[in-house]
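Since the structure comes first, as structure tokens, the remarks are kept for the end.
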Amino acid sequence: MRRFRMLALGASVLALVVSACSTGGGSSPSASTAKPKVIVGSANFPESILVGEIYAQALEAKGFSVDRKLNIGARSLTNAALKSGQINLMPEYIGSDAAELKATPSGDPQKTWDALKAALDPLGMTVLNFAPGADQNGFAVRKETADKFTLKTMTDAAAVANQLKWGLPPECITNPSCGKALKDAYGIDVTKVQWVKLAPCSAAIAVALNTSKVDVAELCTTQADIVRFNFVLLQDDKQSQSADNMAPVLRKDLAAAGGAELTDTLNAVSAKLTTDALTQMGVKVSVNKEKVENVAKQFLQDNSLT
């Protein structure tokens with residue numbers, strides 16, 4: 176399940192201007208009013224805010240009027256906002272949202288998406304195509320470690336697990352997505368390897384990996400530190416972690432009113448949101464301190480989505 180980052184982000188997170196869309200050019204007032212108003216929300220961390228802004232700009236380019244209610248808060252708050260109609264669209268992580276709604280996520284993104292869709296249906300909501308990009312629990316090594324042991328996958332790491340020092344969550348032994356998942360999928364017994372207790376997806380665990388205090392670290396798969404320190408993210412080749420691919424979750428009434436133009440636009444965005452694209456944009460926002468609006472605009476332009 177996706178965990179919130181502990182990466183230092185400076186004095187404040189991000190402030191986004193709520194703006195109305197102007198159809199401009201040759202669009203007629205009747206054409207504008209024929210389209211439903213989109214109210215995009217997001218969770219309160221940079222990646223969710225960024226993808227929410229990408230959705231907003233992509234839809235504005237198609238003539239939709241878009242309001243932004245980004246940086247709302249935790250999933251319990253965003254789901255409540257969707258149910259009440261305070262927002263009608265937001266980026267989600269399929270595994271985490273499925274678990275929140277008491278569905279059962281798995282390492283298979285299609286099965287996880289199916290479970291989420293079924294859980295959303297009675298709530299008057301639905302989910303569109305999931306992106307290839309996922310922000311989920313993963314394991315990374317330094318490049319020299321990957322080269323030394325020829326590590327590309329977690330299966331490779333399992334073969335030399337006892338020669339590596341692992342950076343793992345303090346509760347790893349009792350956490351099903353950590354100790355049990357590693358044992359069941361890869362035969363890695365965390366009680367028999369060297370490991371250091373470190374918060375996953377944190378700045379501290381990334382620094383520990385970079386300074387060789389650990390050799391393997393549990394990071395989030397789009398964590399900016401992976402690019403910043405040139406880590407090698409190991410492929411979870413046996414799908415030990417719940418799939419947390421990104422996907423647009425929206426109210427059914429919006430999907431019906433927006434029709435194919437709305438859903439096709441959002442699906443086209445999702446198709447371009449790879450794990451690498453999310454990571455690179457995360458570096459721009461969280462490390463380089465570029466404006467979310469500018470990063471979103473550049474992504475859409477680079478992928479011919481506007």
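First residue of the sequence shown: 176, per the numbering used here; consecutive thereafter.
Here a beta-carbon is modelled for each residue, glycine too, at the ideal position from N, C-alpha and C.
On a predicted model such as this, the values are computed, not experimentally measured, just so you know.
Exclusion of the five residues before and after W370 leaves W341 and L343 as the residues of its chain whose Cβ lies within less than 6 Å of its Cβ. Residue pairing from DSSP places G313 in a beta bridge opposite L394. In the DSSP assignment, T301 falls within the unbroken beta strand (DSSP E) covering M300 to V302.
In this structure, the CA atom of L408 is about 28 Å from the CA atom of V302. Residue environment for D400: buried (at least 16 other C-beta atoms within 10 angstroms of its C-beta). With distances taken between CA atoms, C347 lies nearest to V368 out of M265, K327, A334 and V368.
By the criterion of at least three beta-carbon pairs nearer than 8 Å, the stretch 384-404 is not in contact with the stretch 440-448. Residue ranges of uninterrupted alpha helix (DSSP H) with 4 or more members, entirely inside the stretch 242-306 and ordered along the chain, are 250-259, 269-275 and 284-295. Note that the C-beta distance between D412 and T330 is below 8 Å. By the beta-carbon neighbour count (other beta carbons within 10 angstroms, threshold 16), A209 is exposed. Under the Cβ criterion (8 Å, minimum of three pairs), the stretch 258-265 does not count as touching the stretch 282-293.
Taking a 10 Å sphere around the C-beta of G457, we find 16 or more other C-beta atoms and assign the residue as buried. Apart from the 5 residues on each side of it in sequence, A471 sits with its Cβ closer than 7 Å to the Cβ of L225, E228, I229 and Q232 in its chain, given in chain order.
Rounded to whole angstroms, the gap between the alpha carbons of E465 and L453 is 14 Å. In the DSSP secondary-structure assignment, L408 is bridged to A315. Excluding the 5 residues flanking it on each side, V462 has same chain C-beta neighbours closer than 7 Å at A399 and R403, in chain order. Annotation for K355: no beta strand (DSSP E) segment contains it, and DSSP assigns it neither H nor E.
When Cβ pairs closer than 8 Å are counted between the two stretches, the stretch 292-301 is seen not to touch the stretch 237-249, the count staying below three. Secondary structure of P423 (DSSP, three-state): strand.
T320 carries a helical assignment under DSSP once its states are collapsed to helix, strand and coil. It is roughly 12 Å from the alpha-carbon of S251 to the alpha-carbon of N219. Bridge pairing for G216: K244 [DSSP].
Of the candidates R317, N478, L373 and L234, L234 places its Cα closest to the Cα of G434. The distance from the Cβ of T440 to that of K237 is about 5 Å, consistent with a contact at the 8 Å cut-off. Just so you know, the alpha carbons of P266 and A432 end up roughly 19 Å apart.
Beta-bridge analysis with DSSP links T328 to Q410. Under a 10 Å Cβ-count criterion, N420 is classified as buried, with 16 or more other Cβ atoms of the shown protein chains found around its own Cβ. CA-CA distance, F406 to F324, rounds to 14 Å. In the DSSP secondary-structure assignment, G342 is bridged to V371 and A392. The beta carbon of P221 sits closer than 6 Å to the beta carbons of V460 and S461 from its chain, once the five residues preceding and following it are set aside; these are given in chain order.
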